[in-house]
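Residue numbers for the sequence shown follow this note's numbering, beginning at 29 and rising by one.
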Amino acid sequence: MIARNPSSFPRNDQGRPALSGLPFWTLLFSLLLGGCQPTVYLMPTPVALRTGELDPFKGNPNLEATNRVRIFYATNRVPIGPENQRFYTLAHEEAIHLGEAELEIGSEQTLWEKLYAGSTVAEREEKWPLRLLGAREVATLWSRQTMEPLSPELERFFERLNARIDASLHRELTIYIHGANNNFYRGSAQAAQFQHFTGHNAVVLLFAWPSAANLFRYGTDVMNTAESAPVLGRLLTLLARPRTARHINILAYSAGAMVLSPGLRQLRNLDGKESPETLRQKLRLGEIYYAAPDVDFRSFLHDLSEYKEMTCNVTLTVNLEDSVLGLAQDFHGTSRAGRPDLEELSLEETRWLIEASRHTVFDIIDVGNSEIPGFPSGSHGFWYQHPWVSSDVLVQFLYHARPAERGLARYRTEKDAIIWYFPEDYPERVVEAVKRLDAARRQACQQDGGNAPPPGNGAPGR
């Protein structure tokens, strides 16, 4: 069953689909289907946190000793239920609903001391599920609503968001965009576990686009990503208004790339008269990270060529044996950016890609050609499933460090492109790398009176 286009919904005077015009069974089916997802269990401890030398939890002066995690969210799913206990259906609309979600790691009986101990070792005594306790909607930006001025509800949302950012160690915001076959719970859980392993130092916002949460409805997900790309662009414009966050970083996983890549290109084209540098300062886009991106390879490169200069850095992770992206390639008939086929490119496109890997703010990480022990050749969820890769993601987002600064090694292809990989001594490398980055941060803070941005040179480590 394909989700109905929002233009076919009865609308109220704010441009929102009127729920009263939808059949009861349609809403009920959407809600129930959105809940049929497997439980998310806390991901393995990133390798950088396993020796006891690095501890982001101890580095957080505002850490709450609790097994609960609060994240922010933005979604273009149609909501039902009271605002303080929202459920989000599979139907989509152009409005952006903003709020806070609370999740629990383990159960009410899980003590912080036990969770902390299990989050800093390689082997745990038990598996901890993540449970969504509730989603509280705070504000909505309607499709026909202007951003000048902000409504009282939006002002309240930004007061909450900015307060969390101001109290955080790095004063940054990270947006997580989930993949296909995800409901609101699953996306929230993945965003929450990322926030947890930053030592709760990061402030994370989930962009929950309306995935059908069903492997057999992948085609619906593809259509919904296209509908969601301009919504994401509007969200980034909205988030850029209050000047609290130093950077807005984005982690897009799998089909989330079909939202982010065209969304950034469309955002660039909307402000085509402004220079990329002006847009970078205006939008404050930091790290753009594509984890196993399920997006057309050539379209990805075309989009990248238009928006890359308005970000601090773009990272592409590649696994040429990715089994999920192999199926996606069969569906679309073209290779995916996370499992690219260079034979699809023209000579000009190939030259551009090589130059981009060498001289611009674009890093390619070949996880499938690395010295990672226990790495399944067909792995797709490696950004959170494998402790080496998750460590690298955390270090990149927390420090804005380039691959060489994070302990990665590089090789050159026959055509002279630069590719990064995980060397066999990566666990030792990343610990020493973080020590150097921490020392640089302390020195920068002393020189700047405690207001220095995170270290990392902001340019590719070539």
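Positions of the beta carbon are idealized from the N, C-alpha and C atoms, including for glycine.
Rounded to the nearest angstrom, the Cβ distance from residue 65 to residue 213 is 6 Å, consistent with a contact under 8 Å. Residue 89 and residue 111 have their C-alpha atoms roughly 32 Å apart. Excluding its 5 nearest sequence neighbours in each direction, residue 302 has C-beta neighbours in its own chain below 8 Å: 310, listed in chain order. In this structure, the beta-carbon distance from residue 287 to residue 99 does not fall below 8 Å.
In this model, residue 447 and residue 183 are separated by some 44 Å (Cα to Cα). Looking at the backbone, the Cα of residue 161 and that of residue 283 are separated by about 26 Å. With contacts defined as CB atoms closer than 8 Å, residue 335 and residue 292 qualify as a contacting pair. The stretch 461-472 and the stretch 430-437 touch, with no fewer than 3 CB-CB distances between them shorter than 8 Å. At a cut-off of 4 residues, the continuous stretches assigned as alpha helix (DSSP H) that sit fully inside the stretch 110-156 are 140-146.
Scanning the stretch 222-289 for uninterrupted alpha helix (DSSP H) segments of 4 residues or longer gives 246-267, listed from N- to C-terminal end. In this structure, the alpha-carbon of residue 143 lies about 36 Å from that of residue 246. In the three-state DSSP reduction, residue 215 falls in the helix class (H, G or I).
Between residue 154 and residue 70, the alpha-carbon positions lie close to 10 Å from each other. With a beta-carbon spacing of about 20 Å, residue 417 and residue 340 fall beyond the 8 Å limit used to define contacts. Residue 109 sits exposed, since fewer than 16 C-beta atoms from the chains shown fall within 10 Å of its C-beta. Residue pairing from DSSP leaves residue 423 without any beta-bridge partner. Under the three-state reduction of DSSP output, residue 359 falls in the helix class.
The stretch 317-326 makes contact with the stretch 352-370, as at least three CB pairs between them are under 8 Å. By the neighbour-count criterion, in which a residue is buried when 16 or more other Cβ atoms sit within 10 angstroms of its Cβ, residue 78 is buried. In this structure the stretch 394-407 touches the stretch 450-458; the number of beta carbon pairs closer than 8 Å is three or more.
Residue 400: not part of any alpha helix (DSSP H); DSSP gives it neither H nor E. Per DSSP, residue 170 lies in no alpha helix (DSSP H) segment and is marked neither H nor E.
Unbroken beta strand (DSSP E) stretches of 3 residues or longer found wholly inside the stretch 311-376: 313-319, 341-346, given in chain order. Secondary-structure assignment with DSSP links residue 162 through a beta bridge to 130. In the three-state DSSP reduction, residue 194 falls in the helix class (H, G or I). Residue 445 is not bridged by DSSP to any residue. Taking each of 185, 202, 148 in turn and checking the Cα distance to residue 166, the smallest one comes out for 185.
About 4 Å separates the beta carbon of residue 445 from that of residue 382, a gap short enough to meet the 8 Å contact definition. Only residues of its own chain outside the window of five on either side were considered, and among them none has a CB closer than 7 Å to the CB of residue 177.
By the Cβ neighbour-count rule, residue 194 is exposed, with fewer than 16 other Cβ atoms within 10 Å of its own.
Look at residue 106 here: in three-state DSSP terms it is strand.
Here the alpha carbon of residue 423 sits roughly 21 Å from the alpha carbon of residue 407.
CA-CA distance, residue 147 to residue 470, rounds to 25 Å.
Residue state for residue 390 is assigned as strand, using DSSP reduced to three classes. Annotation for residue 74: 225, 415, 418, 419, 422 place their beta carbon closer than 7 Å to its own, counting only its chain and skipping 5 residues before and after.
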